[in-house]
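**Student:**
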Amino acid sequence: MRVDIEPKPDQWPAERGVVISVTIRSFKGRRDVVAHLFRPDPVTGEPDPALDNSAVIVPDSTETGDGRTVYLETFTEDEAKALVQYLADRYDSRLTHIRASWIPLPVPPGLTPLSRCQCTQTVGRIQFDKIPNYSLSFSVHGLYDLALHPPLTSHDV
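Residues in the sequence shown are numbered from 313 upward in steps of one, following the working numbering.
1. Which first and last residues belong to the alpha helix (DSSP H) in which ALA394 is found?
2. Sort out for me which residues DSSP pairs TYR446 with in a bridge.
3. Which word fits PRO352, buried or exposed, when buried means at least 16 other C-beta atoms lie within 10 angstroms of its C-beta?
4. In the structure shown, what three-state DSSP assignment does ASP344 receive?
5. Count the CB pairs spanning the stretch 399-408 and the stretch 317-329 that are closer than 8 angstroms, and state whether there are at least three.
6. Straight-line CA distance for SER451 to LEU423?
7. Leaving out the 5 sequence neighbours to the left and right, which residues in its chain are closer than 6 angstroms to PRO420 when beta-carbon positions are compared?
8. Taking THR408 as part of the beta strand (DSSP E), name the residues at either end of that continuous run.
9. Under the three-state reduction of DSSP, which class applies to SER366: helix, strand or coil?
10. Following the continuous alpha helix (DSSP H) through THR381, name the residue where it begins and the one where it ends.
11. Tell me, please, which residues DSSP counts as bridged to GLY454.
12. Do you know how far the Cα of PRO462 is from the Cα of ASN445?
13. Across which residues does DSSP place CYS316 in a beta bridge pair?
14. CA-CA distance, ASP344 and THR335?
Below is the structure:
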């Protein structure tokens with residue numbers, strides 16, 4: 313399994329901002345399925361001062377606050393390290409790639425948060441925190457689209 317972790321940019325103005333994706337060797341009859349991981353729950357605790365920083369989030373022109381939610385779905389550096397280690401330990405034989413990078417800032421308005429994407433016949437959500445023996449202290453979900461990935465063949469099995 314390949315693990316690519318982008319270093320934190322110099323003078324990063326926020327606490328969170330790490331985005332993580334995984335490539336699953338075979339999943340629901342498809343191969344090399346990419347799932348984009350995110351925090352599905354509101355972040356609790358002290359409000360993040362970055363939410364009021366225009367260097368982090370471009371003020372939305374709509375009332376939906378999409379940029380704020382996209383930012384809050386990202387991981388802190390410590391969460392990302394813990395998540396990458398957990399995935400590497402637990403799913404080593406199932407994953408071919410883990411990629412962690414930093415979201416471009418400022419987060420522009422109009423982006424759809426992953427938590428608001430609707431599940432369809434091909435788009436779905438993995439709820440890692442619902443899997444037995446999940447050991448992280450925060451929730452993680454993964455969004456995937458099976459239509460983007462080739463079906464398994466008899467050669468793949």
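Where is the CB? At the ideal position from N, CA and C, for every residue including glycine.
The structure displayed is predicted, hence computed values, not measured ones.
**Tutor:** Considering the structure as presented:
1. For the purposes of this step, residue 394 is taken as residue 82 along the sequence shown, with counting starting at 1. Note, ALA394: alpha helix (DSSP H), 389-402.
2. Against the sequence shown, residue 446 aligns to sequence position 134. BP columns for TYR446 are empty, so no partner.
3. By one-based count along the sequence shown, residue 352 stands at place 40. The residue in question, PRO352, is buried, as its Cβ has 16 or more Cβ neighbours within 10 Å.
4. Position 32 of the sequence shown, counting from 1, holds the residue named residue 344. Strand.
5. no
6. Stepping through the sequence shown from its first residue, residue 451 is reached at position 139. Stepping through the sequence shown from its first residue, residue 423 is reached at position 111. Near 21 angstroms, if we compare the C-alpha coordinates of LEU423 and SER451.
7. Numbered from its first residue, the sequence shown carries residue 420 at position 108. Around PRO420: VAL370.
8. Working through the sequence shown from its first residue, we reach residue 408 at position 96. Its beta strand (DSSP E) spans residues 407-414.
9. Mapped onto the sequence shown, residue 366 falls at position 54. SER366 falls in the coil class under three-state DSSP.
10. For the purposes of this step, residue 381 is taken as the residue at position 69 of the sequence shown. Per DSSP, THR381 belongs to the alpha helix (DSSP H) from 378-384.
11. Start at 1 with the first residue of the sequence shown, and residue 454 comes out as number 142. In DSSP, GLY454 forms a bridge with LEU349 and ILE438.
12. By 1-based counting over the sequence shown, the position of residue 445 is 133. By 1-based counting over the sequence shown, the position of residue 462 is 150. Going by the C-alpha atoms only, they are around 30 angstroms apart.
13. Walking along the sequence shown from the start, residue 316 turns up at place 4. The question names Cys, yet the displayed sequence has Asp at residue 316. For ASP316, which the question treats as bridged, DSSP gives the partners ARG411.
14. The residue labelled residue 344 in the question sits at position 32 within the sequence shown. The residue labelled residue 335 in the question sits at position 23 within the sequence shown. When rounded, the distance between both Cα atoms is 6 angstroms.
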